[in-house]
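Working notes, structure below.
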Amino acid sequence: MSILVTGGAGFIGSHTCVELLNAGYEIVVLDNFYNSNPESLNRIKKITGKDFKFYEADIRDRAALDKIFKENEIEAVIHFAGLKAVGESCRKPLEYYENNIGGTITLCEAMRDANCKKIVFSSSATVYGCENVSPLTESMKIGGTTNPYGTTKYMIELILQDLYASDNEWSITILRYFNPIGAHESGMIGENPNGIPNNLMPYVTQVAIGKLPQLSVFGDDYDTPDGTGVRDYIHVVDLALGHIKAVEKVLSTKEVNVYNLGTGTGYSVLDIVKAFEKASGKKVNYKIAPRRDGDLATCYSDPSKALNELGWKAERGLDKMCEDSWRWQKNNPNGF
Ligand code: NAD
Ligand code: WQD
């Protein structure tokens, strides 16, 4: 019996594959390499000393999915595959709806027809929209998303809830990630953005290594302790370990459950810059720039539901997140 990992060559997927293999699971990985590199799969094998089956395929390709379910005994699916760039989603909404929503529907249809009805889905803190006040809890009303990417996650959550309501044989765990950063401590896998990074940590590491001249801090006049935006950064290995608990949950129940995966602590942009400088010994050149459209002042989780129901809690602090992000960047200045 295996766990199918869609998007397993990507940032969070690759770290989760390592933890699944370490925990003794057999895995089958699917990715179309739209936003990843085949080398990440070799690195997963090197880190774990274990092998696994891989399919270069698209989640929108029903025939390819049917073949995977026919050739393997898939017990459950962890579904990471999707497009994730907020700005790009505003320029290419149809591509985002088609890939993320269309792809998830095709995947669920293939799962239903193969009688594999257990899925862990990568959602995002972005589904809380801009009205809710942090700390964010799973019982808050979701929606009011501010970009097509966020709306795809919101709509997929609704689709999965409807799917469960129609057929209680499904077992569904929806994970709302906060801001994943860091890398595996081997320095062999990590976040590998194409072009200029959109997210804070890869931008910081690229400034530190000299690939980019300066970080723009988007706004210093928010209602936060130092005026810069506050987020709930979580080490990607802690996030990956949360998926092990989520898999245990989907394998052992027939329920639909939603969990925040965050630390519960908010750090500002300048906290990140300072912690990164300390961990790396490098200066991060930055300037204060105007606010970025769509950004919130503050966003952090209440992670207690995951602790109470999954027995999961993030263990790695900000210094470790920065050290590991830096080791990955330093060892792989040009990515994979
Ligand atoms: P990523 O881009 O590194 O990984 C996604 C993987 O999916 C990539 O390897 C990509 O090639 C693959 N993929 C995309 N479309 C596909 C398709 N149609 N068929 C097959 N493979 C496809 O992103 P990530 O940061 O690892 O994110 C994983 C998931 O978590 C995504 O669904 C993302 O939306 C969600 N998420 C990410 C963050 C974050 O900040 N990184 C936060 C919240 C939620
Ligand atoms: C963090 C903070 C920025 C870049 C996004 C998505 C969200 C989720 C995680 C997928 C903010 C500031 C950033 C820079 C900066 N992804 N910043 N200069 O926006 O919290 O969340 O990624 O689901 O849906 O929206 O993350 O890393 O882009 O920004 O000052 O060059 O850093 O303003 O305060 P964000 P981020």
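Using our numbering, the letters of the sequence shown map in sequence onto residues 1492 to 1827. Ideal Cβ placement from N, Cα and C applies to all residues, glycine included.
Can you tell me where the alpha helix (DSSP H) holding residue i begins and where it ends?
| i | result |
| --- | --- |
| Arg1553 | Arg1553 to Glu1562 |
| Lys1769 | Val1760 to Ser1771 |
| Leu1654 | Pro1639 to Ser1657 |
| Val1695 | Leu1691 to Ala1699 |
| Ser1795 | Ser1795 to Leu1801 |
| Thr1664 | Counting along the chain, Thr1664 falls outside any alpha helix (DSSP H), though it belongs to the beta strand (DSSP E) covering Ser1662 to Tyr1668. |
| Arg1582 | Val1577 to Arg1582 |
| Ser1677 | Looking at the DSSP string, Ser1677 is not in any alpha helix (DSSP H), and its letter there is neither H nor E. |
| Ala1731 | Val1727 to Ser1743 |
| Lys1811 | Leu1809 to Asn1822 |
| Ile1687 | Ile1687 -> no alpha helix (DSSP H), and no H or E assigned at all. |
| Glu1622 | Unbroken run through Glu1622: none, as it is neither H nor E. |
Within the same chain, show all residues whose beta-carbon is closer than 7 Å to that of residue i, passing over the 5 residues directly before and after it, in chain order.
| i | result |
| --- | --- |
| Glu1629 | Val1749, Tyr1750, Asn1751 and Lys1796 |
| Met1646 | Ile1592 |
| Thr1715 | Val1721, Ser1759, Ala1788 and Thr1789 |
| Gly1504 | Val1496, Gly1498 and Phe1571 |
| Lys1575 | Tyr1640 |
| Tyr1588 | Pro1639 and Thr1643 |
| Thr1756 | Asp1723 and Tyr1791 |
For residue i, I'd like the list of residues in its chain whose CB is within less than 6 Å of its CB, leaving aside the five on either flank, ordered along the chain.
| i | result |
| --- | --- |
| Leu1598 | Ile1550 |
| Leu1512 | Thr1539 and Lys1541 |
| Ser1771 | Ala1699 and Trp1817 |
| Gly1710 | Arg1782 |
| Ala1674 | Gly1681, Asp1815, Ser1816 and Trp1819 |
| Asn1563 | Ser1493 and Val1519 |
| Lys1609 | Ala1567, Ser1662 and Val1741 |
Just tell me which of the options has its CA closest to the CA of residue i.
| i | options | result |
| --- | --- | --- |
| Thr1744 | Ala1555, Ala1567 and Val1618 | Ala1567 |
| Ala1572 | Asn1590, Ile1559 and Leu1556 | Asn1590 |
| Leu1742 | Ile1725, Val1775 and Trp1661 | Trp1661 |
| Tyr1580 | Thr1643, Thr1754 and Phe1612 | Here the sequence assigns Ser to residue 1580, which means Tyr is not the residue at that position. The candidate whose alpha carbon is nearest that of Ser1580 is Thr1643. |
| Gly1446 | Leu1703, Lys1608, Glu1564 and Lys1736 | The chain is shown from 1492 up to 1827; residue 1446 falls before or after that span and cannot be answered. |
| Glu1739 | Thr1664, Lys1702, Gly1785 and Tyr1758 | Thr1664 |
| Ser1527 | Gly1686, Asp1557 and Tyr1619 | Gly1686 |
| Thr1595 | Gly1785, Ile1650 and Leu1703 | Ile1650 |
| Ala1500 | Asp1522, Ala1805, Leu1732 and Lys1609 | Asp1522 |
| Leu1495 | Tyr1525, Asp1712 and Glu1517 | Glu1517 |
| Val1727 | Phe1827, Pro1529, Cys1813 and Glu1600 | Cys1813 |
| Phe1612 | Arg1667, Pro1626 and Lys1561 | Arg1667 |
| Glu1510 | Lys1702, Ser1657, Ile1680 and Leu1556 | Ile1680 |
| Asn1606 | Lys1561, Arg1582 and Arg1534 | Lys1561 |
| Glu1586 | Tyr1525, Thr1636 and Asn1623 | Tyr1525 |
| Lys1821 | Glu1530, Lys1702, Asp1557 and Asn1533 | Lys1702 |
Sort out for me which residues DSSP pairs residue i with in a bridge.
| i | result |
| --- | --- |
| Cys1779 | Correcting the residue type first, residue 1779 is Ile in the shown sequence and not Cys. Val1708. |
| Phe1545 | Val1520 |
| Cys1599 | Note: Cys1599 sits in no beta bridge, so no partner. |
| Thr1789 | Val1721 |
| Ile1550 | For Ile1550, which the question treats as bridged, DSSP gives no partner whatsoever. |
| His1570 | Thr1497 and Phe1612 |
| Ile1538 | Bridge partners of Ile1538: none, in fact. |
| Ile1565 | Ser1493 |
| Leu1627 | Ser1792 |
| Pro1671 | Ile1725 |
Can you find the residues in the same chain that come closer than 8 Å, C-beta to C-beta, to residue i, ignoring five residues on each side of it along the sequence?
| i | result |
| --- | --- |
| Val1775 | Val1695, Val1698, Ala1699, Leu1706, Val1764, Phe1767 and Glu1768 |
| Phe1669 | Ala1616, Arg1722, Asp1723, Tyr1724, Ile1725, Asn1751, Leu1752, Gly1753, Thr1754, Cys1790, Tyr1791 and Ser1792 |
| Asp1552 | Thr1597 |
| Leu1654 | Cys1599, Trp1661 and Ile1663 |
What span of residues does the beta strand (DSSP E) with residue i cover, start to end?
| i | result |
| --- | --- |
| Lys1609 | Lys1609 to Ser1615 |
| Val1747 | Val1747 to Leu1752 |
Would you say the beta carbon of residue i comes nearer than 7 Å to a heavy atom of ligand 4?
| i | result |
| --- | --- |
| Asn1563 | By its list of ligands, the structure shown excludes ligand 4, since it contains just ligand 1 and ligand 2. |
Environment of ligand 2 in chain order, Cβ to heavy atom below 7 Å | Lys1575, Val1577, Ser1615, Ala1616, Thr1617, Tyr1640, Gly1641, Lys1644, Tyr1668, Asn1670, Asn1689, Asn1690, Leu1691, Met1692, Tyr1694, Leu1706, Ser1707, Val1708, Phe1709, Gly1710, Thr1719, Gly1720, Arg1722, Val1760, Arg1783, Asp1786 and Cys1790
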